[in-house]
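One line per chain: the protein sequences are A and B, in this order.
The opening residue of the first sequence carries number 1 in my numbering; numbering runs sequentially from there.
The opening residue of the second sequence carries number 115 in my numbering; numbering runs sequentially from there.
Glycine included, every Cβ here is placed at the ideal spot set by N, Cα and C.
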Amino acid sequence: DQQVKQNSPSLSVQEGRISILNCDYTNSMFDYFLWYKKYPAEGPTFLISISSIKDKNEDGRFTVFLNKSAKHLSLHIVPSQPGDSAVYFCAASFAGGGADGLTFGKGTHLIIQP
Amino acid sequence: KAGVTQTPRYLIKTRGQQVTLSCSPISGHRSVSWYQQTPGQGLQFLFEYFSETQRNKGNFPGRFSGRQFSNSRSEMNVSTLELGDSALYLCASSPSGGPDTDTQYFGPGTRLTVL
Chain A
1 DQQVKQNSPS LSVQEGRISI LNCDYTNSMF DYFLWYKKYP AEGPTFLISI
51 SSIKDKNEDG RFTVFLNKSA KHLSLHIVPS QPGDSAVYFC AASFAGGGAD
101 GLTFGKGTHL IIQP
Chain B
115 KAGVTQTPRY LIKTRGQQVT LSCSPISGHR SVSWYQQTPG QGLQFLFEYF
165 SETQRNKGNF PGRFSGRQFS NSRSEMNVST LELGDSALYL CASSPSGGPD
215 TDTQYFGPGT RLTVL
């Protein structure tokens, strides 16, 4: 039973346009969400996170939106750049101390077209 | 600061063998977590060690075990290897482990192939 789902295995976006990556979760106890970016042959790198007490968090070109009632979050990248081509993982966790481990989605491969 | 390092980077084993993977966290980090990445299941949490103690464990059989040393370096062991254990094994370190307070930094992974 996948608790964190990324339903789009891949997404192709033109350079300069907005990339929107989506993520759904089923466990309402999750209260901390993260996005990681992964290049081939490298480990995931942290991108941006959001606590459940917020509905938006912005960091430069990256914005994460959280809709708790829909159990849905999205990552917006604007404008998209060629270096953004990578696999993006959505992850969820239970906050409050201690690492219960991150629950990851299966990832979305973002391809930025020139 | 040096990043998280994992050795070896690639490993080929046969069914029934056992394997040990190593992870050196970022200096000063005391929490080390292990993850398995497969095409079918994605990234799944194996376990987390903090101050030489296993603090959390994911839903994996007992063939998967680990330990952490006093210098925070960690090893992961898989016994009686099965074909399905073929995966990328990722190690992540953080200062104290709470994902809402600490960012986890991942190593490049060890690619294990079981024949």
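Q) For the putative contact between glycine 107 (chain A) and glutamine 6 (chain A), defined by C-beta atoms under 8 Å, what is the C-beta separation to the nearest angstrom? A) 6 Å
Q | phenylalanine 220 (chain B) vs threonine 45 (chain A) beta-carbon contact at 8 Å | A | yes
(Q) One question on the structure: do threonine 194 (chain B) and arginine 181 (chain B) come within less than 8 Å of each other, judged by their Cβ atoms? (A) no
Q. Within the 8 Å Cβ cut-off, does glycine 98 (chain A) reach chain B?
A. Because glycine 98 (chain A) carries a pLDDT of 45, less than 50, the predicted location of this residue cannot be relied on, and the following value inherits that uncertainty. Judged by the 8 Å Cβ criterion, glycine 98 (chain A) is in contact with chain B.
Q. By Cβ distance below 6 Å, which residues in the same chain neighbour histidine 72 (chain A) in space, the five residues on each side in sequence not counted?
A. Asp24
Q.
Quick check on this structure: which residue in A:Ile111, A:Ile112, A:Gly105 and A:Pro114 has the alpha carbon closest to the alpha carbon of glutamine 150 (chain B)?
A. A:Gly105
Q: Kindly indicate which three-state DSSP category leucine 197 (chain B) falls into: helix, strand or coil?
A: helix
Q: List the residues of chain A whose Cβ lies closer than 7 Å to the Cβ of proline 209 (chain B), in chain order.
A: Residues of chain A passing the Cβ test: none, with the nearest at roughly 11 Å.
Q. Mind pulling the chain A residues with CB within less than 9 Å of phenylalanine 220 (chain B)?
A. Tyr36, Lys38, Glu42, Gly43, Pro44, Thr45 and Phe46
Q) cysteine 90 (chain A): which of A:Ser80, A:Val64, A:Ser69 and A:Ile111 sits nearest, CA to CA? A) A:Val64
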